[in-house]
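Note that the protein sequences, when read in sequence, are chains A and B. Heads up: the first sequence at position 228 corresponds to 227 in numbering that gives the first Met the number 0, and the numbers run straight through without jumps. Heads up: the second sequence at position 85 corresponds to 84 in numbering that gives the first Met the number 0, and the numbers run straight through without jumps. Cβ atoms here follow ideal geometry from the backbone N, Cα and C, with glycine treated the same way. All of these numbers come straight from a predicted model, not from anything done at the bench. Read through the structure below, which is laid out as structure tokens, and then see the notes.
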Amino acid sequence: MASVSLKNIIDEFNLEELTSFGNTEDILISVADVTRPGLQLSGSYEHFGADRIQLLGNMEMAYLDAQTAEDRMYKLDQLMSRGIPCLVISRQHEPFAELLECSRRYSVPLLRTPEVTSVFMSALIKYLNVELAPETTLHGVLVEIYGEGILMLGESGVGKSETAMEIVKRGHRLIADDLVEVRRVSDTTLLGQAPEIIRHLIEIRGLGILDVKELFGVSSIKQQESIDFVIKLELWDERKSYERLGINEETTDILGIRVPSITIPVRPGRNLAIIVEVAAINFRQRRMGYNAAEELTKRLFGN
Amino acid sequence: MVKKEIIFQHDGDMQMKAVAVLIQKASSYRSNIWLQAGERRANGKSLLGVMSLAIQKGTTVEISAEGPDEDDALEAIAGYLENPEV
Numbered sequence: 000m001a002s003v004s005l006k007n008i009i010d011e012f013n014l015e016e017l018t019s020f021g022n023t024e025d026i027l028i029s030v031a032d033v034t035r036p037g038l039q040l041s042g043s044y045e046h047f048g049a050d051r052i053q054l055l056g057n058m059e060m061a062y063l064d065a066q067t068a069e070d071r072m073y074k075l076d077q078l079m080s081r082g083i084p085c086l087v088i089s090r091q092h093e094p095f096a097e098l099l100e101c102s103r104r105y106s107v108p109l110l111r112t113p114e115v116t117s118v119f120m121s122a123l124i125k126y127l128n129v130e131l132a133p134e135t136t137l138h139g140v141l142v143e144i145y146g147e148g149i150l151m152l153g154e155s156g157v158g159k160s161e162t163a164m165e166i167v168k169r170g171h172r173l174i175a176d177d178l179v180e181v182r183r184v185s186d187t188t189l190l191g192q193a194p195e196i197i198r199h200l201i202e203i204r205g206l207g208i209l210d211v212k213e214l215f216g217v218s219s220i221k222q223q224e225s226i227d228f229v230i231k232l233e234l235w236d237e238r239k240s241y242e243r244l245g246i247n248e249e250t251t252d253i254l255g256i257r258v259p260s261i262t263i264p265v266r267p268g269r270n271l272a273i274i275v276e277v278a279a280i281n282f283r284q285r286r287m288g289y290n291a292a293e294e295l296t297k298r299l300f301g302n
Numbered sequence: 000m001v002k003k004e005i006i007f008q009h010d011g012d013m014q015m016k017a018v019a020v021l022i023q024k025a026s027s028y029r030s031n032i033w034l035q036a037g038e039r040r041a042n043g044k045s046l047l048g049v050m051s052l053a054i055q056k057g058t059t060v061e062i063s064a065e066g067p068d069e070d071d072a073l074e075a076i077a078g079y080l081e082n083p084e085v
């Protein structure tokens with residue numbers, strides 16, 4: 000299961016460590032949610048998710064402030080003894096002495112941010128969603144053409160890298176060659192990027208390894224891109240019939256999301272880069288509601 | 000599909016040349032070959048893919064092959080990873 004260490008969260012949001020037990024790297028968060036434990040502080044622990052980050056804002060701090068020191072101690076002890084990963088105080092509130100004590104008693108890190116509670120909460124959930132998203136690696140090439148993220152898949156040696164090179168030379172951008180790390184960041188969005196070690200490198204047989212960023216500059220590359228469209232390249236098979244009209248809606252399943260796709264047969268002498276580029280433009284046009292094959296049908300049969 | 004797990008024992012990192020020889024070996028088979036190290040999986044015929052695995056001494060690599068000559072391919076790749084001659 001995907002997880003992110005508390006240390007990464009602290010670094011990402013510049014959280015102040017009011018108490019620290021040197022174990023932030025070992026505390027792993029695997030739920031993309033945050034709890035404001037108002038109900039819990041007032042005594043109800045039904046459906047309590049102890050694996051979530053707990054966030055104390057104006058409301059919780061005001062509630063705690065209204066309690067006697069003894070009650071505060073009891074309530075905080077109840078909350079912090081349940082194995083929660085950490086407790087964050089927002090809006091730079093001063094921690095109560097009881098908070099610090101319970102934090103030490105159960106070795107639960109107490110963190111603080113000057114941010115407004117709701118702003119911090121939505122930023123944190125967004126960050127967790129991205130970090131905890133289901134992930135896979137695919138063998139393919141990811142390029143961005145006219146703003147569309149196009150993932151090219153196909154066997155080794157079918158010409159993906161060469162095609163990517165020409166696409167870059169035609170003014171588009173390379174995101175990843177060979178290995179694409181894909182993350183499902185929402186129910187409709189897949190994000191692809193290259194593993195850091197081989198980022199923006201491309202291998203062309205006969206030339207060796209090329210650094211696209213150094214050769215063609217920053218405008219020829221991109222860090223990450225959504226995967227909008229899949230193009231499968233395969234060697235031309237005489238016995239197979241290929242799409243002639245462009246009416247069928249083919250999709251490819253990646254991490255449970257069905258991405259529109261097409262299959263392009265490869266034969267020596269076919270200019271793949273142009274075909275891929277035009278496929279990208281055509282895909283955009285279709286998304287805007289125009290399908291050339293359907294228009295032709297209308298002209299033929301007049302409906 | 001056949002699978003085998005080996006531990007890379009060679010001193011030092013897996014150098015570029017060793018990777019190049021490995022993918023050339025892999026490319027001589029018709030089967031699809033995959034290498035997995037940790038959470039990352041790479042096509043055994045792709046130079047950048049195998050490079051990105053950053054295989055070092057002690058890395059456990061799972062090799063899998065699928066296709067008409069999968070047994071030979073698996074033996075050859077596993078044998079080479081166990082004793083890479085650069």
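* **Every unbroken beta strand (DSSP E) inside the segment 85-135 of chain A [3 residues or more]** => Fully enclosed beta strand (DSSP E) runs of 3 or longer: 86-88 and 109-111.
* To do: Could you say which of A:R182, A:V118, A:A163 and A:K168 lies nearest to I174 of chain A if we only look at CA atoms?
  => The residue among A:R182, A:V118, A:A163 and A:K168 with its C-alpha nearest the C-alpha of I174 of chain A is A:A163.
* Should V33 of chain A go down as buried or exposed, given a rule of 16 or more other Cβ atoms within 10 Å for buried? -> Per the 10 Å Cβ criterion, buried.
* Quick one: any contact between the segment 192-207 of chain A and the segment 58-70 of chain B, if contact means 3 or more CB pairs under 8 Å? -> Here the segment 192-207 of chain A makes no contact with the segment 58-70 of chain B; the two share fewer than three CB pairs at distances below 8 Å.
* For the alpha helix (DSSP H) holding M72 of chain A, just list the boundary residues, first then last. => Counting along the chain, M72 of chain A sits inside the alpha helix (DSSP H) bounded by residues A68 to M79.
* Asked: Would you say L200 of chain A faces chain B, with C-beta separation under 8 Å as the test?
  -> True, the Cβ-Cβ gap to chain B drops below 8 Å.
* List the endpoints of the continuous beta strand (DSSP E) containing K2 of chain B. => V1 to I6 is the span of the beta strand (DSSP E), which, as asked, contains K2 of chain B.
* Asked: Quick one: does R29 of chain B have its CB under 8 Å from some CB of chain A?
  -> Proximity of R29 of chain B to chain A, defined by a Cβ-Cβ separation below 8 Å, is not satisfied.
* Asked: Using a C-beta cutoff of 8 Å, does S63 of chain B count as contacting chain A?
  -> It does not: the Cβ of S63 of chain B has no partner Cβ on chain A nearer than 8 Å.
* To do: Could you spell out where the beta strand (DSSP E) holding V30 of chain A opens and where it closes?
  => Per DSSP, V30 of chain A lies in no beta strand (DSSP E) segment and is marked neither H nor E.
* Uninterrupted beta strand (DSSP E) stretches inside the segment 213-249 of chain A (no shorter than 3 residues) -> If we require 3 residues or more, the beta strand (DSSP E) runs fully inside the segment 213-249 of chain A come out as 223-225 and 228-234.
* Supposed close pair P79 of chain A, Y105 of chain A - CB separation, criterion 8 Å -> Note that residue 79 of chain A is Met in the sequence shown here, rather than Pro. Yes, M79 of chain A and Y105 of chain A are in contact; Cβ-Cβ is about 5 Å, under 8 Å.
* Asked: Residues in its own chain within less than 6 Å of G305 of chain A by CB, not counting five upstream and five downstream?
  -> Any answer about residue 305 of chain A is impossible in this case: the structure gives chain A only from 0 up to 302.
* With DSSP as the reference, please indicate the residues paired to D210 of chain A in a beta bridge. => D210 of chain A is bridged to A:L200.
* Asked: To the nearest angstrom, how far is it from the Cα of K44 of chain B to the Cα of D50 of chain A?
  -> CA-to-CA, the gap between K44 of chain B and D50 of chain A works out to about 42 Å.
* If we cut at 8 Å on Cβ distances, does L34 of chain B have a partner in chain A? -> Taking Cβ atoms only, chain A never reaches closer than 8 Å to L34 of chain B, which makes this a no.
* Anything in chain A within Cβ reach of M0 of chain B, meaning under 7 Å, just list it in chain order. => The premise fails here: M0 of chain B is roughly 16 Å from chain A at the closest Cβ pair, so nothing lies under 7 Å.
* Asked: In chain A, which residues lie less than 8 Å from K44 of chain B when you measure between Cβ atoms?
  -> Near K44 of chain B (Cβ distances below 8 Å), the residues of chain A are S155 and G156.
* Which same chain residues, not among the five before or five after S51 of chain B, have their C-beta less than 8 Å away from its C-beta? -> Cβ contact annotation for S51 of chain B (same chain, cutoff 8 Å, sequence separation greater than five): R39 and A41, in chain order.
* Per DSSP, which one or two residues make a beta bridge with A291 of chain A? -> A291 of chain A pairs with nothing; no bridge assigned.
* Inspect the beta-carbon positions of V181 of chain A and G191 of chain A and report whether they are closer than 8 Å. => Yes; because the gap between Cβ atoms is below 8 Å, this pair is in contact.
* Which residue from A:L54, A:G56, A:P36 and A:E154 puts its Cα closest to that of F47 of chain A? -> Selection A:L54, A:G56, A:P36 and A:E154 evaluated against F47 of chain A yields A:P36 as nearest (Cα-Cα).
* Asked: Between A:Y241, A:E69, A:R111 and A:E233, which lies nearest to E154 of chain A when the distance is taken from Cα to Cα?
  -> Across the set A:Y241, A:E69, A:R111 and A:E233, the C-alpha of A:E233 shows the shortest separation from the C-alpha of E154 of chain A.
* V49 of chain B, enclosing alpha helix (DSSP H) - first and last residue -> It spans L46 to S51 - the alpha helix (DSSP H) in which V49 of chain B sits, taken as one unbroken run.
* Among the residues of its own chain, which have a CB less than 7 Å from the CB of E276 of chain A, if the five just before and after it don't count? -> So the qualifying residues of the chain are I144, I166 and R169.
* Asked: If we count the other Cβ atoms within 10 Å of its Cβ and call it buried at 16 or more, is N22 of chain A buried or exposed?
  -> Burial is judged here by how many other beta carbons sit within 10 angstroms of a residue's own beta carbon; N22 of chain A has fewer than 16 and is exposed.
* Asked: For A25 of chain B, is the classification buried or exposed, using 16 other Cβ atoms within 10 angstroms of its Cβ as the cut-off for buried?
  -> Within 10 angstroms of the beta-carbon of A25 of chain B lie 16 or more other beta-carbons, which makes it buried.
* Please state whether DSSP places G191 of chain A in a helix, a strand or coil. => Three-state DSSP puts G191 of chain A in a strand.
* The alpha helix (DSSP H) spanning R86 of chain B covers which residue range? -> Coverage of chain B is limited to positions 0 through 85, which leaves residue 86 of chain B absent and any answer about it impossible.
* Asked: For the alpha helix (DSSP H) that contains A75 of chain B, what are its first and last residues?
  -> Here the alpha helix (DSSP H) through A75 of chain B covers E69 to E81.
* From what residue to what residue does the beta strand (DSSP E) around V179 of chain A run? -> The continuous beta strand (DSSP E) containing V179 of chain A extends over residues L178 to R183.
* Asked: In terms of residues, what are the limits of the beta strand (DSSP E) holding G255 of chain A?
  -> For G255 of chain A, no beta strand (DSSP E) run applies, since DSSP gives it neither H nor E.
* Asked: What did DSSP end up calling I8 of chain A once you bin it into helix, strand or coil?
  -> Reduced to three states, the DSSP call for I8 of chain A is helix.
* Indicate the three-state DSSP secondary structure (helix, strand or coil) for T18 of chain A in the structure shown. => Strand.
* Asked: Which residues in chain A sit within 8 Å of L47 of chain B, going by Cβ to Cβ distance?
  -> What L47 of chain B touches in chain A: D176, D177, L178, I197, L200, I201, E202 and I208.
* Asked: Do L99 of chain A and T188 of chain A come within 8 Å of each other at the CB atom, strictly closer than that value?
  -> No, the pair does not count as a contact, with Cβ atoms beyond the cut-off.
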